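Protein chains: 2
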Amino acid sequence: MQPRTSPSTGSTRPLRADARRNYDLLVAAADAAFTEHGADASLEDIARRAGVGIGTLYRHFPTREALLAKVLDAGAAAIVARANELRTTTPPSSALVSWLEAMMGYVMTYDGLAKSLAASLVESGKSELCAPCKLMTEAGQMLLDRAQQSGELRQDATIHDIVLGAHAAAWAAEQTDDADAARRLLTLIIDGLRTDAAPRAVARAVRRGAPRRS
Amino acid sequence: MQPRTSPSTGSTRPLRADARRNYDLLVAAADAAFTEHGADASLEDIARRAGVGIGTLYRHFPTREALLAKVLDAGAAAIVARANELRTTTPPSSALVSWLEAMMGYVMTYDGLAKSLAASLVESGKSELCAPCKLMTEAGQMLLDRAQQSGELRQDATIHDIVLGAHAAAWAAEQTDDADAARRLLTLIIDGLRTDAAPRAVARAVRRGAPRRS
DNA sequence: ACCTGAACACCGTTCAAGT
DNA sequence: ACCTGAACACCGTTCAAGT
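These protein sequence lines map, in sequence, to chains E and F.
Numbering-wise (this note's numbering), the first sequence opens with residue 1 and increments by one.
Numbering-wise (this note's numbering), the second sequence opens with residue 215 and increments by one.
Right, dumping it as structure tokens:
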């Protein structure tokens, strides 16, 4: 178990030049393959695209999650940065909503990614995806705290359920090829958390049933 | 394209005795395999369990969905029956909630079933799963109409989004091995649809932020 | 009419052999 | 130190040959 840190983030022991090159080729090939065929893209195909043997892929990335995590961590960092930006520019609950929408867009980058991320949400360390997932969740916690302290959202909401719900909404949009479904489902979830009454104006007036018969 | 109706539901032309027997063996084996290994269980394994050749499985069930639909349709009928029962025994919006919970339990029968059902929700006829899915959605529509006419739920909710949300919640519970997550996420969704204010009592009092500092 | 299983084209993963 | 690719154990799906 040597503490082999990722080569792109200041490696402890630098890779041999050819190894370094293969590593980068693999990451680029994986990004392309995941984009085209989703997070379950064939690892053999990725190795083929990178022009390396399948054994080389396994040497650098012992699991699919390790490869996925490497390809995704730049995006995850951007989502965290977006949270900090929204905190200073946007009112509490709409900052949270905008951030969740950004996260859902990120999750929809690759087909099947919502599944991997939802799993990593609970595995807590078992997968390399847990690190980016944890960072994002912490960023979300900060925005949720702010929205709850402002009184706009209920105190009993947990960031875990909200993030899980956002992943589920992204997954649903993926399954139904209906990109807007993610936003609609997120709206349902957030509306359930507001402390004020039902936000969309429509319903208030119809307290005692519409005229059409049962 | 002969209109080959399912053997168990009054067949047009009855199957030969051995074929009939194999058909039933396959359905039983599939049920066991789906329960054990999820909706993606190996078809070869199912044929093996049934003691028939893989070709026989494909003859009776040209696609995985056809087999899945056959194994599931009794349960789907039960969910529809449950809707009719709840309509006559339970107040509008809690009838809908109880019914959605029953449907989520059904969807969680097999791992990976939520995915198949969510896809069938939009394919509209392409998969054999669409028939049971459509029946369930219609039953849900009836309960939703009732809840909206009573004024308890907003008028702008669609049964499509609610059922999709329930599937997504079931999926989330599956991914996180947290059976209760489905119920919690469903609660978020339904709370978002109520016409009265936030239902859980907690938050009302904290309109202007809790004392702990940002 | 129905059944069988070999055949084909794919996977993921490991590991002995190379440089 | 690193790379390669054959080998193994699986899949899903089709189809010629059987009864």
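C-beta atoms are modelled at their ideal positions from N, C-alpha and C, and glycine is treated no differently.
Predicted, not measured: the structure shown is a model, and the values here were computed from it.
Inset, instruction - Quick one: using the 10 Å Cβ neighbour count with 16 as the cut-off for buried, is T9 of chain E buried or exposed? - result: Residue placement at T9 of chain E cannot be trusted, given a pLDDT of 46 that sits under 50; what the coordinates show is reported in the next sentence. With fewer than 16 other Cβ atoms within 10 Å, it is exposed.
Inset, instruction - Kindly indicate if chain E contains any beta-carbon less than 9 Å away from that of T401 of chain F. - result: yes
Legend entry - Strand pairing of L100 of chain E, partner residues [DSSP]: Beta-bridge pairing links L100 of chain E to no other residue.
Inset, instruction - Could you confirm whether any beta carbon from chain E is found closer than 9 Å to the beta carbon of D238 of chain F? - result: no
Legend entry - First and last residue of the uninterrupted alpha helix (DSSP H) at Y58 of chain E: I54 to H60
Legend entry - Test: A197 of chain E CB closer than 9 Å to a CB of chain F: The predicted position of A197 of chain E is uncertain, since its pLDDT is 49 and thus under 50; no value can be drawn from it.
Legend entry - Residue burial classification, N22 of chain E (beta-carbon count within 10 angstroms, cutoff 16): buried
Inset, instruction - Look up R368 of chain F in the DSSP assignment and say whether it is helix, strand or coil. - result: coil
Inset, instruction - Please say whether A345 of chain F and A382 of chain F have beta carbons closer to each other than 9 Å? - result: no
Inset, instruction - Pull out every residue of the segment 34-55 of chain E whose Cβ sits closer than 7 Å to any Cβ of chain F, in chain order. - result: none
Inset, instruction - Please list the partners that W171 of chain E has in chain F, where partner means a Cβ-to-Cβ separation under 7 Å. - result: A382 and W385
Legend entry - Residues from the segment 94-124 of chain E in contact with chain F, defined by Cβ distance under 7 Å: K115, A118, A119, L121 and V122
Legend entry - Sequence-distant residues of its chain with Cβ nearer than 6 Å to R200 of chain E (five each side left out): Any answer about R200 of chain E is weak, because its pLDDT of 43 lies below 50 and its placement is not dependable; what the coordinates show is given next. Cβ within range, chain order: n/a, list empty.
Inset, instruction - With 9 Å as the threshold, decide whether the Cβ of A210 of chain E is near any Cβ in chain F. - result: Caution is warranted here: a pLDDT of 38 is assigned to A210 of chain E, below 50, making its placement in the model unreliable, and the coordinate value is therefore given only provisionally. Taking Cβ atoms only, chain F reaches closer than 9 Å to A210 of chain E, which makes this a yes.
Legend entry - Simplified DSSP state of R194 of chain E, which is helix, strand or coil: strand
Inset, instruction - Taking M356 of chain F as part of the alpha helix (DSSP H), name the residues at either end of that continuous run. - result: C344 to Q363
Legend entry - Backbone CA spacing between T176 of chain E and L335 of chain F [nearest angstrom]: 7 Å
Inset, instruction - Throw me the rounded Cβ distance for the E190 of chain F and A280 of chain F pair, which I believe falls under 8 Å. - result: Outside the displayed range of chain F (215 to 428) lies residue 190 of chain F, so it cannot be described from this structure.
Legend entry - Cα-Cα separation, E315 of chain F to A50 of chain E: 47 Å
Inset, instruction - Tell me whether S116 of chain E sits in a helix, a strand or coil according to DSSP, three-state version. - result: helix
Legend entry - Chain-ordered neighbours of T219 of chain E on chain F, where CB pairs are closer than 7 Å: It is not possible to answer for residue 219 of chain E, since the shown part of chain E is limited to 1 through 214.
Legend entry - Collapsed DSSP secondary structure at Y23 of chain E in the structure displayed: helix
Legend entry - Unbroken alpha helix (DSSP H) run spanning G75 of chain E, endpoints: R64 to T89
Legend entry - Against chain F: residues of the segment 154-166 of chain E by CB proximity under 7 Å: R154, Q155, D156, D161, L164 and G165
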